[in-house]
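K.L.:
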Amino acid sequence: MAYRKLGRTNKHRRSMLANLTKAVINNERIETTEPRAKEVRNMVDKMISYGKDGSLVARRKALAFLHNDVDTVKKVFDVLAPRYANRNGGYTRILKLNERRGDDALTVILELVEGDAE
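The letter at position 53 of the sequence shown is residue 55 when you use my numbering, and the numbering goes up by one with no holes.
#1: When the Cα atoms are used, what is the spatial distance from residue 67 to residue 74?
#2: In chain order, what residues of the same chain have a beta carbon less than 7 angstroms from the beta carbon of residue 3, not counting five sequence neighbours either side?
#3: What residue from 72, 116 and 20 has the CA that sits closest to residue 39's CA?
#4: In chain order, which continuous runs of the beta strand (DSSP E) of length 3 or greater are located wholly inside the stretch 17-61?
#5: Nearest CA to the CA of residue 112: which residue from 96, 8 and 86?
#6: Based on Cα-Cα distance, which residue from 50, 25, 32 and 79 lies nearest to residue 89?
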């Protein structure tokens, strides 16, 4: 499995991805750099898929990844999973903005798409 290391150790990267995933789920959109957004997109899609599964095992996996944040997991299972019930993946979109002033990193908006697929 190929993934981006994002210049961090394994523990730091996992924690950062979990925190960004929680931010996307709670706020439904965040602004970050493009490599981070591409990695977080996979995690958000996985969490929503867990929510659509709805089993106890899926809830425990989501809790384990999201650092036992009960409110966020509750939102995934009770709000987001029904919203995307008829959608087969593609729960997020990335909108490119501009380069950041300090280091020219491409910034993007990562947001959840609206309800059902057209």
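Positions of the beta carbon are idealized from the N, C-alpha and C atoms, including for glycine.
P.N.:
Quick answer:
#1: 11 angstroms
#2: Since pLDDT at residue 3 reaches only 49, below the 50 mark, its modelled position is unreliable, and the value read off the structure follows with that caveat. Within the same chain, residue 3 has no close Cβ partners at all.
#3: Closest in C-alpha terms to residue 39, from the list 72, 116 and 20, comes 20.
#4: 31-35
#5: 96
#6: 50
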